[in-house]
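Residue 89 is where the sequence shown starts when you use my numbering, and the numbers rise one by one after that.
C-beta atoms are modelled at their ideal positions from N, C-alpha and C, and glycine is treated no differently.
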Amino acid sequence: MSALSLTVENGIAIITFDFPGESVNKFSQAVKEEFLALFGTLEHDQTIVGAVLMSGKKDSFIAGADIEEFLTWTTAAQAEKASRDGHAMLDALERLRVPVVAAIHGACMGGGLEAALACAYRIATEHPKTVLALPEVQLGIFPGAGGTQRLPQTVGLQAALDMILTGKNVRARKAAQIGLVHELVHPAVLRRVAIQRARELADGTRERNPQARKHDAKALLLDDNPVGRAIVFRQAREQTLKKTRGNYPAPLAAIEAVAAGYQDRERGYREEARLFGEMAMTAISRELIGIFFASTALKKDSGVGDAPVSTMPVRKLGVLGAGFMGAGIATIAVQQGTMVRLKDADVGRVGKGLAAIREVLRESVSKRRITRQQMDDQLLLAGGTVDYSGFGNVDLVIEAVFEDLHVKHQVVREVEAVIPPHAIVASNTSTIPIARIAAASQRPERVLGMHFFSPVHKMPLLEIIVTPQTAREVTATAVAYGKQLGKTVIVVQDAPGFYVNRILSPYLNEAGRLVDGGAAIDAVDTAILDFGFPVGPLTLLDEVGLDIAGKSGPIFVEAFGERLMPSTTLRKVVESGRLGRKGRKGFYLYDEDGKKGGVDDSIYAFTPGGAQRVAVEAEEVQQRCVLSMVNEAVRCLEEGIVRSARDGDIGAVFGIGFPPFRGGPFRYIDAVGAARVVERLEELNSRFSGRFAPADLLVRMARKGERFHPSGARPL
Ligand code: NAI
């Protein structure tokens with residue numbers, strides 16, 4: 089089956105890219121060959137004077153390269169060759185006798201954007217779905233089909249580095265501003281305008297690939313002179329190193345490739361291909377691609393196995409508790425078009441919840457993600473109540489009331505009296521086992537946990553917790569709705585802390601114990617940042633709220649004993665009444681706007697050793713915190729809390745920020761080797777009273793030399 093079709097209208101060839109059997113277009117080897125054959129036709133058919141490249145997919149132009157093919161490369165030379173093939177193909181596109189217009193609607197990513205850059209003219213639709221990006225760094229590589237060469241020439245050095253080094257999405261209007269596209273149109277006229285422009289380019293009334301960049305004297309001055317460029321490159325390297333703490337080599341390699349191209353295109357291509365080959369072989373890239381495949385697989389996962397299951401549409405959602413989490417959940421629900429009824433105990437709190445929704449939507453308007461009209465439409469979907477009016481026709485209720493079993497029981501009983509029989513009741517509790525909440529329910533088979541993370545509109549993970557009683561279609565419906573809300577969903581079994589908070593607990597405890605033992609608060613956080621987590625564990629405790637952290641401690645001790653006993657420091661800090669950032673006082677001090685200041689040295693009065701601090705090696709901090717987390721993750725797999733190592737990796741990366749380039753706890757163990765991890769745990773265990781005893785499953789795997797993920801093969 090072919091991916092490309094060609095029709096000719098009065099001398100203009102319309103090339104429609106429609107990858108068979110997929111929802112998006114990808115550049116696979118076969119597609120590249122089709123393109124080359126098609127270029128032959130365009131070159132030789134003299135009746136054709138111009139061409140338009142467009143997508144046959146709904147709201148998506150080209151998603152980029154076929155990443156599965158990356159897994160077939162076993163040497164840098166193979167990846168380098170793929171890059172050189174990309175150069176040859178896009179050079180052929182650029183040099184075609186007939187001008188090609190890229191008609192972009194929807195996502196134009198990676199190789200898709202590189203192809204568009206080789207076209208003679210680019211038109212994009214002014215539509216929220218139209219975004220352009222070079223996201224390769226997120227996979228540990230960088231644009232390898234000429235992107236590091238063509239983009240700087242098109243949009244200037246600084247704008248190009250900004251896109252290449254962050255992988256961020258550029259919306260249509262911004263793309264026009266920076267000169268990435270030449271023209272914006274309404275989707276309804278895209279095809280017509282593109283054909284018209286192809287004709288103008290063909291008859292010479294319009295220049296090929298005109299510079300669309302707005303004249304910015306300062307930027308041009310920097311770009312055009314070698315000294316200015318050297319400054320930009322130096323700053324880019326410094327900023328990248330500061331941000332990545334040296335953990336990600338691909339952005340640095342991309343800077344080198346861009347710099348080489350300023351000397352001459354041929355040299356730029358050579359460097360781009362060589363460095364691309366090198367980056368494609370790094371362990372970092374392999375782990376990041378592993379995560380990409382895992383999250384792609386989760387998008388297709390029903391959450392209940394392969395047997396067919398029917399799901400119920402969620403047209404109306406009831407949310408109990410209009411506090412921090414309730415309002416957050418209501419926000420993402422209206423954003424994707426669900427009607428929401430938000431209930432709290434009094435009018436003031438309901439009003440606050442609705443105001444919180446408005447605040448997030450306003451921010452979306454100011455960032456031009458949605459229009460003011462869309463904001464108004466979304467706001468109309470949310471209604472508030474202090475009784476259960478409007479709950480008679482909800483399909484799903486998510487409760488986010490106080491973390492107190494009595495209150496949870498009360499609201500479950502009350503809401504079940506008014507909702508229809510098919511409706512599902514979900515709890516957003518972070519610590520209370522769902523079965524305990526379901527004990528108050530008349531129909532526990534329709535009860536489960538939907539554990540969102542804060543802030544709800546930003547955190548990508550949703551943990552769905554099922555009890556032995558939860559019905560299959562109830563789980564599948566919650567999973568489907570979670571995906572509709574844009575979340576990556578893992579399904580876990582019911583147990584204290586579920587998965588994410590369970591593995592977080594020993595890690596945070598260990599950070600506290602390091603402080604107990606004399607380590608400085610900022611030294612612990614810095615060591616963990618260097619390991620690759622986005623925030624240090626003590627800063628994280630301040631962020632979560634010390635009151636909340638303090639409440640979960642006893643629950644874990646009750647369930648798992650001494651092993652998960654909180655540190656002395658944390659217990660005393662909690663007892664002192666400090667709240668963390670929200671109370672402007674925790675392990676660190678915060679100003680009135682919540683901005684973090686330095687360590688609060690008075691905390692050391694709570695530690696067994698007093699104010700005297702001792703130097704602790706970063707590696708000791710990293711090993712103790714990280715190994716306690718990964719060991720707990722293995723226990724969760726062993727106990728069946730998570731279904732697979734894949735889910736366990738995704739939960740840790742998306743829910744906690746486990747360093748993505750390390751792939752998650754299970755991939756980390758695979759990389760280090762189970763035997764080596766067991767050895768380190770045993771060594772720590774001999775020093776620290778049994779809390780590092782390696783999980784049985786880990787010991788068994790070490791003995792047999794097994795891995796959690798098959799090596800080399802598709803990383804699932
Ligand atoms: P919050 O204190 O901001 O909000 C709770 C809201 O519930 C308050 O507005 C309160 O008035 C309302 N409420 C209490 N009793 C009620 C009743 N009978 N009927 C209706 N509303 C009632 O608390 P937050 O942080 O939003 O937490 C809510 C739930 O979400 C808890 O179970 C918590 O464990 C869980 N959670 C919290 C996270 C966080 O980071 N804050 C993260 C994940 C889960």
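If we call anything under 8 Å between Cβ atoms a contact, is residue i one with residue j?
| i | j | result |
| --- | --- | --- |
| V562 | V579 | no |
| G633 | L667 | yes |
| G620 | N335 | yes |
| V577 | G416 | no |
| D106 | G144 | yes |
| A247 | I266 | yes |
| S90 | E122 | yes |
| L249 | I343 | yes |
| E794 | A763 | no |
| G441 | D432 | yes |
| S664 | F644 | no |
| M717 | S542 | no |
| L626 | D613 | yes |
| S171 | A233 | yes |
| Y676 | V687 | yes |
| A511 | L549 | no |
Measuring only the C-alpha atoms, how far is residue i from residue j?
| i | j | result |
| --- | --- | --- |
| Y569 | R560 | 14 Å |
| R317 | L181 | 29 Å |
| V506 | Y476 | 7 Å |
| R802 | L178 | Confidence at R802 is low in this model, with a pLDDT of 40, below 50, so its placement is unreliable and the value that follows should be read with caution. Each residue's alpha carbon lies about 29 Å from the other. |
| N257 | F780 | 43 Å |
| L340 | T242 | 21 Å |
| S53 | A444 | The question about residue 53 has no answer, for the chain in this structure spans 89 to 804. |
| E646 | G585 | 12 Å |
| P798 | S732 | 13 Å |
| A190 | V140 | 6 Å |
| T104 | L239 | 24 Å |
| N516 | N719 | 26 Å |
| Q226 | A212 | 24 Å |
| G574 | E354 | 42 Å |
| V551 | C724 | Just to set this straight, residue 551 is Glu in the shown sequence, not Val. C-alpha separation (whole angstroms): 14 Å. |
| A101 | S93 | 10 Å |
| A790 | G649 | 26 Å |
| G365 | A165 | 6 Å |
| G198 | S777 | 51 Å |
| F490 | K673 | 23 Å |
| L772 | L652 | 16 Å |
| G235 | G174 | 10 Å |
| F742 | M547 | 7 Å |
| D291 | V402 | 54 Å |
| A722 | P654 | A small correction: the amino acid at residue 722 is Val; Ala does not occupy that position in the sequence shown. Computed Cα separation, rounded: 20 Å. |
So, is the C-beta of residue i closer than 8 Å to a C-beta in chain C?
| i | result |
| --- | --- |
| Q466 | Of the protein chains in the structure, only one exists, and it is not chain C. |
For residue i, which of the options has the nearest alpha-carbon?
| i | options | result |
| --- | --- | --- |
| E533 | T558, A514, V554, S515 | T558 |
| R261 | A300, L245, L253, R287 | A300 |
| D311 | A347, E295, S593 | A347 |
| E487 | G574, L405, S454, N481 | L405 |
| E295 | F776, V186, I252 | V186 |
| D618 | F749, A740, R659 | F749 |
| A345 | Q351, G356, P782, P337 | G356 |
| V428 | V435, E447, R172, L408 | L408 |
| L785 | F754, L220, G439, S454 | F754 |
| H270 | R280, T254, K302 | K302 |
| F321 | G752, Y350, T332 | Y350 |
| M463 | L484, P509, T419, V137 | T419 |
| L309 | P508, L245, K114 | L245 |
| P275 | P314, H215, R259 | H215 |
| V219 | R374, T399, R456 | R456 |
Ligand 2 heavy atoms versus the CB of residue i: any closer than 7 Å?
| i | result |
| --- | --- |
| V632 | Questions concerning ligand 2 fall outside what the structure shown contains, since the ligands it does hold are ligand 1. |
### Task
Say whether the segment 695-711 touches the segment 601-613, bearing in mind that this needs 3 or more beta-carbon pairs closer than 8 Å, one atom from each stretch.
The segment 695-711 vs the segment 601-613: in contact.
#### Entry: Every unbroken beta strand (DSSP E) within the segment 506-584, with a cutoff of 3 residues, ordered by chain
As summarised for the segment 506-584, the continuous beta strand (DSSP E) elements at least 3 residues long and confined to that stretch are 512-515, 535-540, 549-554, 576-581, given in chain order.
### Query
Can you find at least 3 beta carbon pairs, one from the segment 485-497 and one from the segment 518-527, that sit closer than 8 Å?
Yes: at least three Cβ pairs fall under 8 Å.
### the segment 464-476 touching the segment 372-387, judged by at least three CB pairs closer than 8 Å
Not touching, per the Cβ criterion.
#### Entry: Stretch-stretch touch, CB-based, cutoff 8 Å, three pairs: the segment 387-403 with the segment 759-779
Contact between the segment 387-403 and the segment 759-779 is absent, because fewer than three Cβ pairs lie under 8 Å.
### Message
Could you tell me which whole alpha helix (DSSP H) segments of length 4 or greater appear in the segment 395-442?
### Response
Given a length threshold of 4 residues, each whole run of the alpha helix (DSSP H) inside the segment 395-442 is given here in chain order: 412-423.
#### Entry: Whole runs of the alpha helix (DSSP H) within the segment 141-197, excluding any shorter than 4 residues
The qualifying runs are 164-182.
#### Entry: Contact the segment 154-164 vs the segment 201-208: 3+ CB pairs below 8 Å
Judged by Cβ distances under 8 Å, the segment 154-164 makes no contact with the segment 201-208, as fewer than three pairs qualify.
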